[in-house]
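Participant: Numbering (the working numbering), first residue to last: 169 to 622.
No residue lacks a Cβ here, since even glycine has one placed at the ideal position from N, Cα and C.
This structure is a prediction, so every number in the text was calculated from the model and none was measured.
Dumping the structure here so I can ask a few things about it.
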């Protein structure tokens with residue numbers, strides 16, 4: 169085929185059209201990738217994506233949320249911080265995000281009391297939260313506090329040897345109180361003898377295993393609180409003083425079975441005690457709907473609902489079917505006998521009660537109560553085990569009617585350290601420090617000898 173000037177022109181036109189189409193395709197792809205960003209997180213544990221808990225929270229945002237990051241251009245964390253907030257923005261159209269140089273906006277720094285480079289301001293419906301130590305967990309907790317309507321008062325009864333929310337002893341609740349405070353709860357202690365009543369703005373009243381019997385007048389105050397529709401969390405222990413608390417049974421129809429729950433599975437999990445009840449399967453309930461790991465309940469009591477048509481009962485914590493409530497001494501070889509007071513599992517560890525009541529304004533509202541046969545599982549000593557922390561937070565959220573905030577507890581990234589046994593470390597040392605160097609030396613010597621013979 170003879171190539172003349174006309175054919176050359178056609179080739180050039182075709183090449184030009186192809187080049188224009190190719191460039192146009194690249195521009196279109198660039199625009200689409202910017203307009204509809206699609207990313208795939210291939211990292212272990214999805215550490216480059218928002219956690220499922222954070223995603224559920226921001227999907228519940230119904231009104232505009234403004235996020236302002238005050239970070240200087242020389243801050244080495246600037247790209248990482250901006251990437252984090254872009255993930256929030258991509259998941260929720262109601263979130264707007266801007267990154268500002270604090271040196272250029274001194275008026276905003278004074279107005280919002282911004283003190284640190286990298287500090288974040290979140291604004292929602294006239295309310296604001298600041299985060300100075302930026303992480304997904306801290307940002308999500310701040311959003312959670314903004315979404316919470318009004319103050320939430322969590323009141324702990326004191327004066328009878330109850331667990332204390334501010335003390336740091338192993339059996340107290342300072343770690344749980346810190347977590348709850350970070351999520352917007354106001355926590356107070358209340359001595360009924362001194363106060364004479366329970367404040368009307370109490371959202372959740374906590375009775376944490378009193379060791380000293382309550383006075384009749386205190387029991388009457390508790391009964392009045394329940395009669396008017398107050399929400400209550402009762403954490404019981406076998407050691408709690410039961411004298412007088414039976415008077416609450418007409419309000420909370422729950423009975424405590426004798427003895428302590430014994431669970432043979434605890435030894436299979438490496439624990440050296442059988443009086444620790446392990447819960448790995450959870451009945452369907454808002455408190456436990458997103459739990460996937462075990463929870464641990466040391467020396468728990470079993471519960472039974474004594475029956476009351478006024479209340480709607482739900483079981484949300486149960487021991488294993490191999491467990492039973494041991495009424496004898498926990499020494500030596502323990503096995504379930506023929507004692508009629510001992511019942512085989514599964515045994516109820518946690519119950520929720522709810523009922524509809526009519527308020528002073530004529531409107532119906534739901535009263536909620538939770539009774540758990542263990543007060544240790546959220547103590548400072550055991551709070552970090554399995555799902556114990558999540559259950560503790562979810563309990564309070566459910567009791568305070570913040571159901572949509574349940575299970576929004578971002579977990580830190582799991583430990584990425586590689587822990588090896590001594591034999592494995594010895595094998596690695598022998599391979600890399602001895603075998604490989606000797607192999608390379610032998611290979612080099614062999615090559616040198618061959619070349620020398622030539």
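1. Looking at residue 387: is its Cβ nearer than 8 angstroms to the Cβ of residue 416?
2. May I have the straight-line CA-CA distance separating residue 314 from residue 563, to the nearest angstrom?
3. To the nearest angstrom, how far is it from the Cα of residue 422 to the Cα of residue 334?
4. Where do the ends of the alpha helix (DSSP H) carrying residue 612 lie?
5. Short of 6 angstroms in beta carbon distance, which residues of its chain neighbour residue 509, apart from the five on each side in sequence? Order them along the chain.
6. Does the Cβ-Cβ distance between residue 548 and residue 337 come in under 8 angstroms?
7. Kindly give me the distance between the Cβ atoms of residue 551 and residue 560, rounded to whole angstroms, as I take these residues to be in contact under 8 angstroms.
8. Would you list the residues sitting across from residue 256 in a DSSP beta bridge?
9. Short of 7 angstroms in beta carbon distance, which residues of its chain neighbour residue 293, apart from the five on each side in sequence? Order them along the chain.
10. Could you give the C-beta distance for residue 356 and residue 323, rounded to a whole number, given that I count them as a contact under 8 angstroms?
11. Near residue 234, what residues of its chain come up, given a Cβ to Cβ distance below 6 angstroms and the 5 sequence neighbours on each side ignored?
12. Following the continuous alpha helix (DSSP H) through residue 345, name the residue where it begins and the one where it ends.
13. Can you give me the start and stop residues for the alpha helix (DSSP H) that residue 308 sits inside?
14. Can you say whether residue 398 is buried or exposed, counting buried as having 16 or more other CB atoms within 10 angstroms of its CB?
15. Classify residue 282 as helix, strand or coil using the three-state DSSP reduction.
16. Excluding the five sequence neighbours on either side, which residues of its own chain have a C-beta within less than 7 angstroms of the C-beta of residue 526, listed in chain order?
17. Grab me the residues of residue 511's own chain with a C-beta within less than 8 angstroms of its C-beta, minus the 5 sequence neighbours each way, in chain order.
18. Just list the residues that DSSP pairs residue 524 with in beta bridges.
19. Is the Cβ-Cβ distance between residue 554 and residue 463 less than 8 angstroms?
20. Starting from residue 120, follow the beta strand (DSSP E) in both directions and report where the run begins and ends.
21. Going by Cα to Cα distance, which pick from 295, 328, 182 is closest to residue 382?
22. Going by beta carbon distance, what residues of the same chain come within less than 8 angstroms of residue 257, once the five residues before and after it are set aside?
23. What residues in its chain sit with their C-beta under 7 angstroms from that of residue 432, if we drop five residues either side in the sequence?
24. Using a Cβ-Cβ cut-off of 8 angstroms, state whether residue 217 counts as contacting chain D.
25. Mind checking who residue 298 pairs with in its DSSP beta bridge?
26. May I ask you to report which of helix, strand or coil DSSP gives residue 372?
27. So, with DSSP's three-state summary, where would you put residue 492?
28. May I ask you to report which of helix, strand or coil DSSP gives residue 519?
29. Between residue 351 and residue 301, is the Cβ-Cβ spacing less than 8 angstroms?
30. Given that a residue counts as buried once 16 or more other Cβ atoms are within 10 Å of its Cβ, and exposed if not, what is residue 599?
31. Output the distance between the C-alpha atoms of residue 539 and residue 515, rounded to the nearest integer angstrom.
32. Which of the three DSSP states is assigned to residue 600 in this structure?
33. Leaving aside the five residues before and after residue 524 along the sequence, list all residues of the same chain whose C-beta is less than 7 angstroms from its C-beta, in chain order.
34. Name the residue from 194, 565, 268, 407 whose alpha carbon lies nearest to the alpha carbon of residue 455.
35. Please report the straight-line C-alpha distance between residue 479 and residue 521, rounded to a whole angstrom.
36. Looking only at DSSP bridge pairs, what is residue 353 linked to?
Facilitator: Taking the definition as stated:
1. yes
2. 20 angstroms
3. Answer to the nearest angstrom: the Cα atoms are 29 angstroms apart.
4. 604-621 is the span of the alpha helix (DSSP H), which, as asked, contains residue 612.
5. 426, 495
6. Yes, the Cβ-Cβ distance between residue 548 and residue 337 is below 8 angstroms.
7. Sure, about 7 angstroms apart at Cβ, within 8 angstroms.
8. According to DSSP, residue 256 bridges with nothing at all.
9. Taken in chain order, the residues that qualify are 231.
10. That pair is a contact at about 5 angstroms.
11. 264, 291
12. 342-350
13. 304-315
14. The residue is buried, with at least 16 neighbouring Cβ atoms inside 10 Å.
15. Residue 282: coil per DSSP, three-state reduction.
16. Closer than 7 angstroms at Cβ, skipping near neighbours: 532.
17. 425, 470, 492, 493
18. Bridge partners of residue 524: 534.
19. yes
20. The question about residue 120 has no answer here: the residues shown for the chain are numbered 169 through 622.
21. 328
22. 235, 263, 264, 265
23. 442, 490
24. Any reference to chain D falls outside this structure, which holds one protein chain only.
25. 289
26. strand
27. strand
28. strand
29. The answer is no: Cβ separation not under 8 angstroms.
30. Exposure of residue 599 is indicated by the presence of fewer than 16 other C-beta atoms within 10 angstroms of its C-beta.
31. 14 angstroms
32. helix
33. 532, 534
34. 565
35. Distance between the alpha carbons of residue 479 and residue 521: 6 angstroms.
36. 320
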